[in-house]
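Colleague: According to the UniProt record's numbering, the sequence shown is numbered sequentially starting from 1.
C-beta atoms are modelled at their ideal positions from N, C-alpha and C, and glycine is treated no differently.
Keep in mind that this is a model prediction, so the values were computed, not measured.
One structure is given below, represented as structure tokens, and several questions about it will come after.
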Amino acid sequence: MDVLELSYKHLSDYMKPCFLYFGAFLEVREILTWKLISLWIAEGFLQKAEYRSLEEVAEAYMKDLINRSLVMVAKKGSLSGVKTCSIHDLLLEFCVAKAKEEYFLQVLHGPEELFTFNEPGNFNRLCIHSKVKDFQMSRLFCPRISCLLFFAHPRCAIFLSFFEFANFLEC
1 MDVLELSYKH
11 LSDYMKPCFL
21 YFGAFLEVRE
31 ILTWKLISLW
41 IAEGFLQKAE
51 YRSLEEVAEA
61 YMKDLINRSL
71 VMVAKKGSLS
81 GVKTCSIHDL
91 LLEFCVAKAK
101 EEYFLQVLHG
111 PEELFTFNEP
121 GNFNRLCIHS
131 KVKDFQMSRL
141 FCPRISCLLF
151 FAHPRCAIFL
161 SFFEFANFLE
171 C
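Shown next, in the form of structure tokens:
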């Protein structure tokens, strides 16, 4: 078993989805921590703790991932918080592969993957990195996807009828 797999296995069950979520940020070099935490909260990944807000719990999860050297601080914010974070390319590759293996997240990158994708029934989350025109031409239809993360180049508004059960969208 390699070191990355071992590090992943040693994460608690509630930390694993938070770590795998980094796989969605394929082309993002610096991830806004508040945005990532908002997505974790929206997905329901955080265990409620007495006397702590969900944001405080999320910050503790982030610190744990940083202390394990799975996530890097890119920029510090005020009051010693983490403004942006990043993940090493090898860890990113691991996250994408493990997320797909565990049917946690499917990442589509570029026109080739968009045009050949057939919605598998087991994935609830879909992450798309694409140009707007490629996305529109693909006529991607995934009615059972509950979470869509869309990183458009350039940023855009998209027609969501193809994702009727999607709870939220990152654009």
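Nearest to K35 by alpha carbon, out of K131, T84, L105, Y103?
Modeller: T84
Colleague: Are I41 and A58 touching if we call contact CB-CB under 8 angstroms?
Modeller: yes
Colleague: Apply the 10 Å Cβ neighbour rule to A60 and answer buried if 16 or more other Cβ atoms are within range, or exposed otherwise.
Modeller: exposed
Colleague: Please confirm if the segment 46-53 is in contact with the segment 63-79, defined as three or more CB-CB distances below 8 angstroms between the two stretches.
Modeller: No, they do not touch.
Colleague: Quick one: complete beta strand (DSSP E) runs, 3+ long, within the UniProt domain "Disease resistance protein winged helix" (30-94)?
Modeller: Annotation note: the UniProt domain "Disease resistance protein winged helix" (30-94) contains the following uninterrupted beta strand (DSSP E) runs of length 3 or greater, listed N- to C-terminal: 72-76, 82-86.
Colleague: State buried or exposed for V3, treating a residue as buried only when at least 16 other CB atoms are found within 10 Å of its CB.
Modeller: Exposed, by the Cβ-count rule.
Colleague: What is the rounded straight-line gap between the Cα of S130 and the Cα of F117?
Modeller: Just so you know, the alpha carbons of S130 and F117 end up roughly 13 angstroms apart.
Colleague: Pull up the distance between the alpha-carbon of I128 and that of L26, whole angstroms please.
Modeller: If you take the alpha carbons of I128 and L26, they lie about 9 angstroms apart.
Colleague: Roughly how many whole angstroms lie between the Cα atoms of V28 and S78?
Modeller: 22 angstroms
Colleague: When the distance is taken between beta carbons, is Y14 closer than 8 angstroms to L39?
Modeller: no
Colleague: Is the beta carbon of I31 less than 8 angstroms from the beta carbon of E55?
Modeller: no
Colleague: Taking all protein chains shown into account, decide if Y8 is buried (16 or more other Cβ within 10 angstroms of its Cβ) or exposed.
Modeller: buried
Colleague: Helix, strand or coil, according to DSSP, for V107 in the structure here?
Modeller: strand
Colleague: Could you tell me whether the Cβ atoms of L90 and A99 are closer together than 8 angstroms?
Modeller: no
Colleague: Would you mind working out which of K75, A74, G81, A97 sits nearest F19, comparing C-alpha positions?
Modeller: A97
Colleague: With distance defined between alpha-carbon atoms, name the residue in L11, K63, D64, F123 nearest to R101.
Modeller: The question names Arg, but residue 101 is Glu in the sequence shown. Between E101 and the set L11, K63, D64, F123, the nearest pair of CA atoms involves F123.
Colleague: Taking all protein chains shown into account, do 16 or more other C-beta atoms lie within 10 angstroms of the C-beta of L65, making it buried, or fewer, making it exposed?
Modeller: The residue in question, L65, is buried, as its Cβ has 16 or more Cβ neighbours within 10 Å.
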